[in-house]
Amino acid sequence: LPLHGGLSELDLLHLLGGGDLPQGEFFPAMGEVKTTLAETTGKADDEAWRNALTNGFVEGTSYKTGELSAVPPEIKLPPLPSPNSLEVVFATDDSLLDGRFIDNAWLQEAPDPVTKITWDNAAQISPVTAKALGIYDKVIALEPKTPLMRIGTEVKVSKRYETGEGEGNHSPMIDLTVNGREIRVPVLIAYGHADNAITLPVGYGQAADDGRSGAVK
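So in the working numbering the end of the sequence shown lands on 221, straight run, no missing numbers.
What follows is the structure in structure tokens.
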């Protein structure tokens, strides 16, 4: 609403109810409230108004009651997701939103607040669903702690492989097909994620030849 000349919620409800807003009054709809209070309690003095505001209710009043005979409509729920029929949720990305910030390197450098992913997105699934799909069928042991000399603390040191990367550094890839459209994306095992569902943040997958950060082929 504008700073001056706007409408309060009460004024808006008053207009929607078919009332008028006389010009020149500071709170036009307030008069209707006081009129309703006077009709309900039979008192139109300032003391009755202050008591209603102080107590938060008007003593000796109640809502009108009525008898209803309604038949609730039959609600047909969709079938529950299963490993053979997954629910796919396309969510906005915390860095790119819907992709409009693809050329902002600082946003892509910031880790996702939940997954901690940077410069990329991934299809998130629960461990239960991953095991049902044969993607996540083993537990990778954590790196052992190694004492750090002269500091009195311990650090984790990953085993070095010939490729220079440790096991589990490469996520499995899946082909995700929705309504005839297919995309290949990496999978992230997200603990706490709903079972039989896939969450894929949107905004990535773009390509450009203008040298924009994160958008080069």
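We treat Cβ as the ideally placed atom computed from N, Cα and C, and that holds for glycine.
Query	Result
Excluding the 5 residues flanking Glu63 on each side, which residues of the same chain have their C-beta closer than 6 angstroms to its C-beta?	none
Touching or not, the segment 193 to 210 and the segment 89 to 97, by the rule of three or more beta carbon pairs under 8 angstroms?	yes
Measuring alpha carbon to alpha carbon, tell me which of Leu16, Asn183, Ser175 and Lys38 ends up nearest Ser89.	Asn183
Taking 8 angstroms as the limit between beta carbons, can you name the residues of its chain near Glu78, skipping five residues before and five after?	none
Tell me the DSSP bridge mates of Thr203?	Val93 and Gln128
Note down, in chain order, each residue of its chain lying with its Cβ closer than 7 angstroms to the Cβ of Gly168, except the 5 sequence neighbours on either side.	Residue placement at Gly168 is flagged as unreliable, the pLDDT there being 49, under the threshold of 50; a coordinate-derived value is accordingly withheld.
Taking the CB atoms as reference points, tell me whether Val189 and Ala126 lie closer together than 8 angstroms.	yes
Are the Cβ atoms of Glu186 and Leu192 separated by less than 8 angstroms?	no
Could you pull out every residue in the same chain whose Cβ sits closer than 6 angstroms to the Cβ of Asp176, ignoring the five residues on either side in sequence?	Residue identity differs from the one stated: residue 176 is Pro in this sequence, not Asp. If we look at Pro176 and ignore the five residues flanking it on each side, its Cβ neighbours are Ile139 and Val191.
In three-state DSSP terms, what is Lys68?	coil
Among Glu36, Tyr67 and Thr69, whose alpha-carbon lies nearest the alpha-carbon of Trp53?	Glu36
With DSSP as the reference, please indicate the residues paired to Thr44 in a beta bridge.	The partner list for Thr44 (beta bridge, DSSP) is empty, contrary to what the question assumes.
Reducing DSSP to helix, strand and coil, say where Asp24 ends up.	coil
Are the beta-carbon atoms belonging to Ser86 and Asn200 less than 8 angstroms from one another?	yes
Hey, how far is the Cα of Glu91 from the Cα of Ile202?	6 angstroms
Just to confirm the assignment, what range does the alpha helix (DSSP H) spanning Asp50 have?	Asp50 to Asn59
Tell me the DSSP secondary structure of Thr119 in three-state form.	coil
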